[in-house]
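Take a look at the structure below.
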Amino acid sequence: MNRFRSMLIIFFFGLVTTQISATEDKFQFDSTEKNALFLELTKELRCPKCQNQNIADSDAMIAVDLKRKVYELLQQDYDKEQVIVFMKKRYGDFVYYQPPVNPMTIWLWLLPVLFIFIALGGIVISRKRQAPEISQEQLDKAQAILEREQ
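In structure tokens, the structure reads:
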């Protein structure tokens, strides 16, 4: 029984250590600034295959390729803007989560603002259409008129 327990402990220890080594980063940088920039860029760049997932969280092959390319560009001392411009030239504006303001994307920026104004206008109009409040004096007068007519 004692031997079984020690084997079980060794087995679980082996599982834990392989899990720890599996989470180790594949991309090693010589500075923490580049590593931070890499993490920031992989969270800001969208996977072209996955609908709305960044390349940091995606396991798609193209996302892996994009991470590798970001790593290579950062190793070549590209800054954040240069990496984003490179990716947008290659994959279009879709690859970046913050689309630029141009004639094709202006509606992405204006529709939320227009929706807010329309909603506020609807609230104001519905408030004005509500029946005015009736005072107790007016209710008493109406009751007196009804009693006279009967």
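Counting along the sequence shown from 1, when you hit position 135 you're at 171 in my numbering, and nothing is skipped either side. We treat Cβ as the ideally placed atom computed from N, Cα and C, and that holds for glycine. As the structure is a computational prediction, the values presented were derived from the model and not from experiment.
- Leu81 is bridged by DSSP to Tyr132.
- Here Met123 is buried: its Cβ has 16 or more other Cβ atoms, across all protein chains shown, within 10 Å.
- At the C-beta level, Cys83 and Ala99 come within 7 Å of one another.
- Setting aside the 5 residues that flank it on each side, Val119 is surrounded in the same chain by Leu77, Val106, Leu109 and Leu110, each with a C-beta closer than 8 Å to its C-beta; the list follows chain order.
- Closest by C-alpha distance to Asp66, out of Ser94, Phe151 and Gln112, is Gln112.
- If you look at Val100, you'll find it in the alpha helix (DSSP H) that goes Met97 to Gln111.
- The bridge partners DSSP lists for Asn138 come to none.
- Beta-carbon to beta-carbon, Glu80 and Tyr132 are separated by about 7 Å, close enough to satisfy the 8 Å threshold.
- Under the three-state reduction of DSSP, Asn88 is assigned to coil, being neither helix nor strand.
- With fewer than 16 other CB atoms across the displayed protein chains lying within 10 angstroms of its CB, Leu147 is exposed.
- Leu102 places its beta carbon less than 7 Å from that of Ile91.
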